[in-house]
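In the working numbering, the protein residues as written are 192 to 435. Even for Gly, the Cβ is constructed at its ideal location relative to N, Cα and C.
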Ligand code: URA
């Protein structure tokens, strides 16, 4: 075997063993692979995998996740260790949507596992919600923006189809949008959290409630009370109230 092929094969096997044992990549030097030329079709256009054109391709969360883990649609893929796809139950009452993974989420490949995640779990528990029981937690972008900056508009745009597919698959009773990025992206609005919170918004038949991001609450305690009001509103809706 040609030495370059052998080195590439070894790297691929190491990556595969990381994925099989850990579900994400160990900290290793960036792998360098030779990129094969794209397959040509009759029209000369590059095509995706066959199944993307197959109307009977079964949509499962696992399929979406596999695409996300291999996604290279935007620059955030360059620096990620693990994409944080999302986690929770498959028939959630509430889909909680944040902005994007931070440092700890990028390490573990799970959403909201850092300090903001700890607070989020407490906030949800206060209204009997739990990612292990009746919630699903996801983000607008699945890969960590460097230095935890806000995801850029083109990055949000590139990642949004994954969230759309998660929403379609999970069919939550309601969506809780955490913070400005999630709220503005989901509602296609330019308004801030203070203006968008306080009432449900209809998003193609799914009620969306906006509240403050737990990171913002950690920085500013005065946001605790309005966030609590929002969570109570969500609970009342889930308990059979209407979404005003
Ligand atoms: N902040 C987010 O918006 N999402 C996470 O997963 C973690 C922190």
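Residue i vs residue j beta-carbon contact at 8 Å
i	j	result
residue 318	residue 422	yes
residue 302	residue 278	yes
residue 286	residue 329	yes
residue 276	residue 256	yes
residue 327	residue 370	no
residue 288	residue 418	no
residue 250	residue 362	no
residue 290	residue 342	yes
residue 401	residue 374	yes
residue 335	residue 297	yes
residue 332	residue 252	no
residue 280	residue 324	yes
residue 293	residue 339	yes
residue 405	residue 310	yes
Per DSSP, the bridge partner or partners of residue i
i	result
residue 400	367
residue 326	285
residue 279	327
residue 393	398
Under the three-state DSSP convention, the category residue i falls into
i	result
residue 297	helix
residue 193	coil
residue 209	helix
residue 320	coil
residue 372	helix
residue 203	helix
residue 240	Reliability of the predicted coordinates at residue 240 is poor, the pLDDT of 45 falling under 50, and the value obtained from them is presented with this limitation in mind. Coil, per DSSP.
residue 159	As displayed, the chain neither begins before 192 nor continues past 435, which places residue 159 out of reach and without an answer.
residue 198	helix
residue 302	coil
residue 292	coil
residue 336	coil
Boundaries of the alpha helix (DSSP H) in which residue i is found, first to last residue
i	result
residue 347	344-361
residue 416	415-429
residue 406	405-410
residue 258	252-260
residue 312	306-317
residue 384	384-387
residue 270	267-270
Own chain partners of residue i with C-beta closer than 7 Å, once the 5 adjacent residues on each side are dropped
i	result
residue 231	Because residue 231 carries a pLDDT of 49, less than 50, the predicted location of this residue cannot be relied on, and no value is offered for it.
residue 233	Because the pLDDT at residue 233 is just 49, under 50, the model does not fix this residue reliably, and the value given afterwards should be weighed accordingly. No residues qualify anywhere along the chain.
residue 378	387, 392, 394, 399
residue 349	264, 265
residue 271	297, 334, 335
residue 305	293, 294, 295, 296
Close-in-space but distant-in-sequence residues of the same chain around residue i (CB under 6 Å, 5 per side omitted)
i	result
residue 260	274
Cβ shell of residue i (< 8 Å), same chain only, five flanking positions each side left out
i	result
residue 345	265
residue 351	331, 376
Within-8 Å CB hit, residue i to chain C
i	result
residue 386	Here chain C cannot be found, since the structure has a single protein chain.
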